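Asks: If you scroll down you'll find the structure; I have some questions about it.
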Amino acid sequence: MEFIDYYKLLELDQSATAKDIKKAYRKLARKYHPDLNPNDKEAQERFQQINEAHEVLSDPEKRKKYDQYGKDWQHAEQFEQAKRQQSAAGGSGFGGGFGGGQQYAYSGNFDDDTFSDFFEQMFGGRARAHGSGRGGHYKGQDFNAELQLRLSDIYESQKQTLTVNGKNIRLTIPAGVEDGQTIKIKGHGGPGIQGGPKGDLYITFNILNDTSFKREKEHLYAEKQISLSTAVLGGEIEVETFTGKVRLKVKPGTQNGAKVKLKGKGFPKYKKEGFGDLFVTYKVNMPEKLTAEQKELFEKLQKSGL
Numbered sequence: 021m022e023f024i025d026y027y028k029l030l031e032l033d034q035s036a037t038a039k040d041i042k043k044a045y046r047k048l049a050r051k052y053h054p055d056l057n058p059n060d061k062e063a064q065e066r067f068q069q070i071n072e073a074h075e076v077l078s079d080p081e082k083r084k085k086y087d088q089y090g091k092d093w094q095h096a097e098q099f100e101q102a103k104r105q106q107s108a109a110g111g112s113g114f115g116g117g118f119g120g121g122q123q124y125a126y127s128g129n130f131d132d133d134t135f136s137d138f139f140e141q142m143f144g145g146r147a148r149a150h151g152s153g154r155g156g157h158y159k160g161q162d163f164n165a166e167l168q169l170r171l172s173d174i175y176e177s178q179k180q181t182l183t184v185n186g187k188n189i190r191l192t193i194p195a196g197v198e199d200g201q202t203i204k205i206k207g208h209g210g211p212g213i214q215g216g217p218k219g220d221l222y223i224t225f226n227i228l229n230d231t232s233f234k235r236e237k238e239h240l241y242a243e244k245q246i247s248l249s250t251a252v253l254g255g256e257i258e259v260e261t262f263t264g265k266v267r268l269k270v271k272p273g274t275q276n277g278a279k280v281k282l283k284g285k286g287f288p289k290y291k292k293e294g295f296g297d298l299f300v301t302y303k304v305n306m307p308e309k310l311t312a313e314q315k316e317l318f319e320k321l322q323k324s325g326l
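As numbered in our numbering, residues 21 to 326 make up the sequence shown, in order.
Put into structure tokens, the structure is as follows:
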């Protein structure tokens, strides 16, 4: 498998900060998103690679392993355990000699087959012989997947079936899951090495906002246009919430930019009871064209000090 440089893929260098990585990911994910490139297989493949790069580089532990081991970062734990096991057996490390004075150096670019050969060479068959003993079990590879959902999809909990490596996995997605949030499904990764436990499946959610609301965790934000007369004299208006319209009274003398809170009309709290709030900001529509009569009325108001 051809090595993919995650830093180059995100148009970054190795000194990039976490903020740089997040910014680059969001920019490129929007550019290559399948919804914007429905018939472009190359863009879809690039989108998957961008998500894979983000999943690794945005996680400090994974990034550390990637920086050290390159494309073999997922085998980092096995390499470290192998070094410890070889050291305990009297060896002198990866560059040291053992098994009749032979030397084996880790080059940093093994695929799965050469990885297995590396262990066989390194321990002269001892790894297989002690596969069931203490220290001989290695956890399987962790899998990473991305699930795209609309904001309107996650207002309520829902069940989904994912196909990962040919296997169907049923899971319940809790209402209120966050954009970019990653959950772990234990034991649904790759098979263990030498009888070790299976790896885990990490699912990252990509939430597309298909509404007019702005979301911040469980709170929603919206703007509502009101007429100048309603702002001055007060009145009753209709406001859109996530579940439908509600009637709302506007106080006389409402200022442009004034905010009101609709308690409990926000988004579900993730894995908690209750809902957040909806905050509505009033935007007063200023008349652009006035009739002669309307202009005269405003002139009278101006003269009266209003």
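From the three backbone atoms N, C-alpha and C, an ideal C-beta is built for every residue, glycine too. As the structure is a computational prediction, the values presented were derived from the model and not from experiment.
Between Gly-207 and Lys-61, what straight-line distance do the alpha-carbon atoms span, to the nearest angstrom?
Replies: The residue labelled residue 207 in the question sits at position 187 within the sequence shown. The residue labelled residue 61 in the question sits at position 41 within the sequence shown. If I take the Cα positions, the gap works out to 31 Å.
Asks: Is it true that the region 210-220 meets the region 233-248, where meeting means three or more beta-carbon pairs spaced less than 8 Å apart?
Replies: They do not touch, by the three-pair rule.
Asks: Grab me the residues of Gln-178's own chain with a C-beta within less than 7 Å of its C-beta, minus the 5 sequence neighbours each way, in chain order.
Replies: Position 158 of the sequence shown, counted from the first residue, corresponds to residue 178. For Gln-178, where only same-chain residues beyond five positions count, the Cβ hits under 7 Å are Ile-193.
Asks: I'd like the list of long-range same chain contacts for His-74, defined as Cβ closer than 6 Å, with 5 residues on each side in sequence excluded.
Replies: Residue mapping note: residue 74 aligns to position 54 of the sequence shown, counting from 1. So the list reads Tyr-45, once near-sequence residues are dropped.
Asks: Do the CB positions of Tyr-158 and Gln-88 come within less than 8 Å of each other?
Replies: Taking the first residue of the sequence shown as 1, we reach residue 158 at position 138. Taking the first residue of the sequence shown as 1, we reach residue 88 at position 68. Contact flag unset, no.
Asks: Just verifying my parser: in three-state terms, what is the DSSP assignment at Lys-84?
Replies: Along the sequence shown, read from residue 1 onward, the residue named residue 84 stands at position 64. In the structure shown, Lys-84 sits in a helix (DSSP, three-state: H, G or I).
Asks: Checking 8 Å against the spacing of the C-beta atoms, do Thr-274 and Tyr-302 come in under that value?
Replies: To locate residue 274, count along the sequence shown from 1; it is residue 254. To locate residue 302, count along the sequence shown from 1; it is residue 282. Contact flag set, yes.
Asks: Taking 8 Å as the threshold (C-beta atoms), are Val-197 and Phe-163 in contact?
Replies: Here residue 163 refers to the residue found at position 143 of the sequence shown. Here residue 197 refers to the residue found at position 177 of the sequence shown. Result no, Cβ atoms of Phe-163 and Val-197 do not sit closer than 8 Å.
Asks: So is Leu-56 buried or exposed if we call it buried at 16+ other beta carbons inside 10 Å?
Replies: As a position in the sequence shown, residue 56 is number 36, starting the count at 1. When all chains shown are included, Leu-56 counts as exposed.
Asks: Determine the extent of the alpha helix (DSSP H) in which Phe-225 is found, giving its start and end residues.
Replies: Residue 225 sits at position 205 when you count from the first residue of the sequence shown. Segment 221-228 is the beta strand (DSSP E) holding Phe-225; no alpha helix (DSSP H) there.
Asks: So Gly-254 and Lys-271 are in contact, right, with Cβ under 8 Å, and what is the actual spacing, rounded?
Replies: Walking along the sequence shown from the start, residue 254 turns up at place 234. Walking along the sequence shown from the start, residue 271 turns up at place 251. That pair is a contact at about 6 Å.
Asks: Whole angstroms is fine: what's the gap from Glu-256's alpha carbon to Leu-268's?
Replies: Numbered from 1 along the sequence shown, position 236 holds the residue referred to as residue 256. Numbered from 1 along the sequence shown, position 248 holds the residue referred to as residue 268. Cα-Cα distance, rounded: 6 Å.
Asks: The beta strand (DSSP E) spanning Glu-166 covers which residue range?
Replies: For this step, residue 166 is matched to residue 146 along the sequence shown. It spans 163-170 - the beta strand (DSSP E) in which Glu-166 sits, taken as one unbroken run.
Asks: With which residues is Val-184 paired in a DSSP beta bridge?
Replies: Within the sequence shown, numbered from 1, the residue matching residue 184 stands at position 164. According to DSSP, which records beta bridges pairwise, Val-184 is partnered with Lys-187.
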